[in-house]
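Working notes, structure below.
Protein chains: 4
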Amino acid sequence: MAKKLMKGNEAIGEAAVCAGVKHYFAYPITPQSEVAEYLCWRLPEVGGVFVQAESEVAVGNMLFGAASTGKRVFTTSSSPGISLMQEAISYMAGAHLPAVLVNIIRGGPGLGGILPAQSDYFQATRGGGHGDYRTIVLAPASVQEAVDLMILAFDLADKYRTPVMLIGDGMIGQMMESVEFPEERREPNNPDESDWALNGAKNREPRIIKSLFLDPQELEDNCLKLEGKYKEIKEKEVRHELYNVSDKNRILIIGYGTMSRICQTAIDELEEEGISVGLFRPVSLFPFPEKELHKEVAKKNIKTVLTIEMSTGQMVEDVKLSVLGIKPVEFFGRTGGIVPSPDEVKEKVRELL
Amino acid sequence: MAKKLMKGNEAIGEAAVCAGVKHYFAYPITPQSEVAEYLCWRLPEVGGVFVQAESEVAVGNMLFGAASTGKRVFTTSSSPGISLMQEAISYMAGAHLPAVLVNIIRGGPGLGGILPAQSDYFQATRGGGHGDYRTIVLAPASVQEAVDLMILAFDLADKYRTPVMLIGDGMIGQMMESVEFPEERREPNNPDESDWALNGAKNREPRIIKSLFLDPQELEDNCLKLEGKYKEIKEKEVRHELYNVSDKNRILIIGYGTMSRICQTAIDELEEEGISVGLFRPVSLFPFPEKELHKEVAKKNIKTVLTIEMSTGQMVEDVKLSVLGIKPVEFFGRTGGIVPSPDEVKEKVRELL
Amino acid sequence: MAKKLMKGNEAIGEAAVCAGVKHYFAYPITPQSEVAEYLCWRLPEVGGVFVQAESEVAVGNMLFGAASTGKRVFTTSSSPGISLMQEAISYMAGAHLPAVLVNIIRGGPGLGGILPAQSDYFQATRGGGHGDYRTIVLAPASVQEAVDLMILAFDLADKYRTPVMLIGDGMIGQMMESVEFPEERREPNNPDESDWALNGAKNREPRIIKSLFLDPQELEDNCLKLEGKYKEIKEKEVRHELYNVSDKNRILIIGYGTMSRICQTAIDELEEEGISVGLFRPVSLFPFPEKELHKEVAKKNIKTVLTIEMSTGQMVEDVKLSVLGIKPVEFFGRTGGIVPSPDEVKEKVRELL
Amino acid sequence: MAKKLMKGNEAIGEAAVCAGVKHYFAYPITPQSEVAEYLCWRLPEVGGVFVQAESEVAVGNMLFGAASTGKRVFTTSSSPGISLMQEAISYMAGAHLPAVLVNIIRGGPGLGGILPAQSDYFQATRGGGHGDYRTIVLAPASVQEAVDLMILAFDLADKYRTPVMLIGDGMIGQMMESVEFPEERREPNNPDESDWALNGAKNREPRIIKSLFLDPQELEDNCLKLEGKYKEIKEKEVRHELYNVSDKNRILIIGYGTMSRICQTAIDELEEEGISVGLFRPVSLFPFPEKELHKEVAKKNIKTVLTIEMSTGQMVEDVKLSVLGIKPVEFFGRTGGIVPSPDEVKEKVRELL
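The listed protein sequences correspond, in order, to chains A, B, C and D.
1 is the number of the first residue of the first sequence in our numbering; add one for each residue after it.
1001 is the number of the first residue of the second sequence in our numbering; add one for each residue after it.
2001 is the number of the first residue of the third sequence in our numbering; add one for each residue after it.
3001 is the number of the first residue of the fourth sequence in our numbering; add one for each residue after it.
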């Protein structure tokens, strides 16, 4: 397919179409309503369906129901809407159901504002719902990467039978970039060949999809099954990217999503000033690239680690858990919809030097 | 007041009465329905009201509404019910509203089971809702402590104008212990003297309680106000307890809530075997006693830190963030409603030695 | 009690207080929100409670739940809100639960407008919900009568264990009139003496309140029990009023509620012109004063019956069912919030003459 | 198309497919869940969609939303579910939206039972929602007629832009009969040619679909527009059927739906006994065949009119409004899921003779 200039929110919708998705449930909320606007005409073109539910609570339960049939399902929302889905996400995790949830984060807490933020990091990576579960979390930094990670998200959801969350912000949703889509594919998880989907109990035993296990040993077994899954995910699905990393760095910046691009600008400008700074960008937030980051930080030229977030500091905990005290971990953040500028990043770097 | 033999769930209800609470909103869910059963007759005796709402989503919004008037409000629920309140908790935090939420945790994720667990630690301490907010989290280990921390919870909620969560499990809810209540007190936060409560705009300017700030600078200011609050809380409201801690310890166990009592039994039995193990029990989970734990772990006799939880490992992250790599951090957990036995704890300790 | 100048909506609230009501559930909607505004401070003064529910659907179910305990319960709403309660009203009727519902009717259908109308007559008198049930319907024409009928409504609800509806419109809700309240009374239906209320199964067999009867004979028995109740109500609870009725009348006007007062003005003015017209005002709409009206219409001086409503014609069916063809039944109505003026009434009368 | 043996519920589903329907919203409830079971696989075959909503309230609002786009929409439910849709039905009527609602009536009120009944007659014919509106109501007596009336229902809904209700009971839903479907048709109301549908405001002025009219004159105009529509419907859309009607009848039975078939059996058996009884079967309940019935009743051989219903008496009011006192109107009914037998009908006839 030829390159195409597209808004991030629309590209996210088209990526789902490429991933063979036919079932999209959502409730409108700024700054991601364009996904629904796009899919409400685009999905029918490919035989798909968009249901605007009564509320985000309903969306969560529709995801559960449709996912049970073995079909690819997804939703998009923004911070408060994602909070309303926490019970359902926990249920889907407990029932081993694949689903993709996109959170175009807005400033919070509460109603907050509609401008970009990264303050739902804890909710996404620790599981805002109850119980021993996690969701894979992916954080694109460009429209093209949003497309690629969306398609990956559906593949990972199917492979591990788990909810996968893709988080971005209004910048990525609104910015227009040139983007390339893969050849369109049919829905890869053919429910007819599934050994778990509720696809009609013809010529086979009935199946049950549930998260209720009143026998504690059965429930622990289910939790351990989940735990085993997360262990495998931590081994195989860690993704990160380096930028301007070299022996000349004294400071290593950690940033993700659109924030990492602003850091890149700052890094480029600092390089011209003769200050060499590297960037470690986690692409998967869960699993967090713990070992990979530790290895980079352990390099003797690195004196300080600087975490930069559009929040009051959340990923910084994962950074500390990776660094484990071998180097000082500093933090700089703006929040509530205010995006740190390259100048602020540069100033913070100079201050640390 | 004389000592009284009482079930944990009922004692939690009576503690709220002692704290002057008149407004309780809840929806029944095992294993905490006795709180509602108790308060549905007890609250009217003191002029209070219990509203059984349509759902936990409604409960969350009733808490918001009632708290806005300056009255003490609280709810009790269990894991899935608390997940449904995540949006409202974020809203209350963002609007600086005091409220107390009790989570008698059951095994999860999803519907899970009804037996004791500690697998909602992340949800409680990281804020399962969206945005830059935290809730104070307290974890009692006995019925008496549940009573004391309930009363403290209301005081902290008022002092910092923030939601406070008390977490326990079915053991603490069901066990009967002798318990002493303080002299009954009137509601301490007199709404008439409040400078923020919506208590009727007579002879004063109208007030607004909200979490919506469309101007990003206003929203960041609100987040920084919250951040300042959490900083003060981290300085002043850290609580923990030590048990059998001495120079003879080689291993320091970290456990909270009812789990810590099982650890104590194991520690007592190990002591008789000549193995000396100390226990560090966080009482406040947010703020986590980071410095206090670091100090204990730094003692040279300590070789290993052993975190024990009724989960697949959640508090262990806070332990690692406190220990910061100076000593190895081990983990042992059972989950899904299965409670580690003293024998299992002892075996794990011996294994580490 | 001395006379007091009061708005209709507030007087309705105070009347409920006089009737000993302590439990009021509602959701705000124009043009009756003043009832909630009044009761939110007035009820607590007498130890009562107002719960603003999540929606009118929730209100309906809260009425059911609270009524089950034998306490007097009520709600106030306006047209769309009452539509949302139709399932719950049917459930309460089927379960023989007393409750009072006030509908301050606004123009409809749909969102309509907020001005006075009588277009919910069918819904009120035929049961907008499903199944063989009716509700007693009372229609006051003045603020004083609203007070008197409110208190009667609670007595009838208790006596017959049935939902009772009081219908009015924005005129009666907003107009200020001098009104007298009875001496305040305690809640007359003492749940402790009830033989059906769920008041705690101490020293007695458990009771069940339900509308589910899977055995068709049991369900028919329940319907016949209801039917027997309605028969008794039709015999004993018919209420109406005559105005200017005499042998000189050629035309008998039928009007209810505030519409009847406008008819009285027209009748007074016509009398001065030498045209004598009588007014028959049904006070109970169900039971409709069928025989009483038939008797009046049968008088030989009456040539024509003129039904006047603030709707496109609903009560006119009950008039026809009463008149049964012995005289012509004419109709005049305005709707959608437009109130027929005395001049329009007079013109219609002259036209018929 | 060749004849096919089919259950009523499934035939109703297939009839909707024949009518070109692609949008079906529902929530399961006995005794009509087979419609949803059938359409959940049948609709996708023709490119259609079935959404199982969160509740019947949500179903009603989804109907409103989808109907606004000019597409054919419908739902099926049973008594309590239909009660929950009363607000939405009123909104659709007020906004002039076409929709078809099927009520497979179960015994009520409340939860009632799951066996056949006709006790939602008032709700259907008088509009259980608020305001001056009506819905066309059709009552088939056989599976074939259910199919024919379903297709007619969609045509009438489109023609008059109004909700149309088709009512039946569990007998018609469960019985298997030979049935013939028309050639499959495309959706007749092409939204692209519509002058009101919200089909995308390209190259034209935006359109608004609403039921809110704050200006009372506008609201009255809307009510009069509805009134005009109902007048036209009463003139053109009256449907009824006669059975065994002749000069020999002394008694005329009025029965509709499946009840009329039991009456036919009784009539056949009475005929053999030498007792000639006619049957007047209203097919449209609104508009009720008032004049047609009056004409039949006026025939001098008719001494008594006997209304038979599976309720405690609801249609009997429409019968009385048609007969207007010229002959006595008797009633016989069973309710709560009990269906009158031919013997009971015969006995009642003999008793009247």
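Beta carbons are placed, not taken as given, at the ideal position from N, Cα and C, and that holds for glycine.
| beta strand (DSSP E) segment containing M85/A, residue limits | It is not in any beta strand (DSSP E) - M85/A carries neither H nor E in the DSSP assignment.
| query | Alpha carbon to alpha carbon, how far is A2201/C from T2069/C? | reply | 11 angstroms
| With 16 as the cutoff for other CB atoms within 10 Å, does Q1217/B come out buried or exposed? | exposed
| message | Helix, strand or coil for R239/A? Go by DSSP, reduced to three states. | response | coil
| request: With 8 angstroms as the threshold, decide whether the Cβ of T258/A is near any Cβ in chain B. | output: no
| field | For Y24/A, three-class secondary structure by DSSP | value | strand
| query | How big is the Cα-Cα spacing for I275/A and E309/A? | reply | 21 angstroms
| request: With a cut-off of 8 angstroms on the beta carbons, I'd call A67/A and L39/A a contact; round off their distance for me. | output: So it is not a contact: roughly 17 angstroms between Cβ atoms.
| task | Taking only beta carbons into account, state which residues of the region 3065 to 3095 of chain D come closer than 7 angstroms to chain C, listed in chain order. | result | S3079, P3080, I3082, S3083, L3084, Q3086, E3087, S3090, Y3091, A3093, G3094, A3095
| request: Flag V1018/B as yes if its beta-carbon sits less than 8 angstroms from any beta-carbon of chain A, otherwise no. | output: First, the amino acid is wrong: residue 1018/B is Cys here, not Val. Not one chain A Cβ lies under 8 angstroms of C1018/B.
| task | Would you identify the three-state DSSP class for K3/A, choosing helix, strand or coil? | result | coil
| field | Rounded straight-line distance, which links the Cα of L1324/B to that of A298/A | value | 15 angstroms
| request: Answer with buried or exposed for G2228/C, where buried requires no fewer than 16 other C-beta atoms within 10 angstroms of its C-beta. | output: exposed
| Cα-Cα separation between E3205/D and K3071/D, rounded to whole angstroms | 20 angstroms
| field | Best match in W196/A, G337/A, P182/A, D343/A for proximity to G20/A [C-alpha to C-alpha] | value | P182/A
| Would a C-beta distance cut-off of 8 angstroms place T1135/B and A1093/B closer than the cut-off? | yes
| Among I3326/D, I3338/D, R3281/D, T3258/D, the one whose alpha carbon lies nearest that of G3008/D | T3258/D
| Name the chain C residues whose beta carbon is nearer than 7 angstroms to that of K3320/D? | L2321
| task | Tell me whether L226/A sits in a helix, a strand or coil according to DSSP, three-state version. | result | helix
| task | Have a look at E1132/B and E220/A and give me their C-alpha separation to the nearest angstrom. | result | Note on residue identity: the sequence assigns Asp, not Glu, to residue 1132/B. Between D1132/B and E220/A, the C-alpha separation is close to 32 angstroms.
| message | Taking a contact to mean a Cβ-Cβ separation below 8 angstroms, would you say I1082/B touches N1103/B in this structure? | response | yes
| query | How would you label K291/A, buried or exposed, when you count the other beta carbons within 10 angstroms and need 16 or more for buried? | reply | exposed
| said: Bridge partners for S3178/D per DSSP, in chain order? | reply: L3005/D
| field | Environment of K348/A [buried if 16+ CB atoms lie within 10 Å] | value | buried
| For R126/A, is the classification buried or exposed, using 16 other Cβ atoms within 10 angstroms of its Cβ as the cut-off for buried? | buried
| field | chain D contacts from the region 2203 to 2216 of chain C (Cβ-Cβ distance under 8 angstroms) | value | K2210, S2211, L2212, F2213, L2214, D2215, P2216
| query | Is A3053/D close to chain A, meaning its C-beta is less than 8 angstroms from at least one C-beta of that chain? | reply | yes
| task | Could you tell me if I1172/B is buried or exposed, where buried requires 16 or more neighbouring beta carbons within 10 angstroms of its beta carbon? | result | buried
| request: Name the two residues that bound the continuous alpha helix (DSSP H) containing R3126/D. | output: 3121 to 3126
| Looking only at its own chain, which residues have a Cβ that is under 6 angstroms from the Cβ of H2130/C, when we skip the five neighbours before and after it? | S2090
| query | Rounded C-beta distance between Y3024/D and G3047/D? I'm assuming under 8 angstroms. | reply | With a Cβ gap of about 13 angstroms, Y3024/D and G3047/D do not count as contacting.
| request: Starting from the Cα of G337/A, find the closest Cα among Q1032/B, D1192/B, P1287/B, L1224/B and give me that residue. | output: L1224/B
| query | Between F3154/D and the rest of its own chain, which residues show a CB-CB distance below 6 angstroms, the 5 nearest in sequence each way excluded? | reply | A3019, R3072, V3100
| said: Using a Cβ-Cβ distance cut-off of 8 angstroms, determine whether E2344/C contacts chain D. | reply: no
| Where are the beta strand (DSSP E) runs, 3 residues long or more, that stay fully inside the region 3305 to 3350 of chain D, in chain order? | 3329 to 3333
| message | Using beta carbons (cut-off 8 angstroms, strictly below), is A1058/B in contact with chain C? | response | yes
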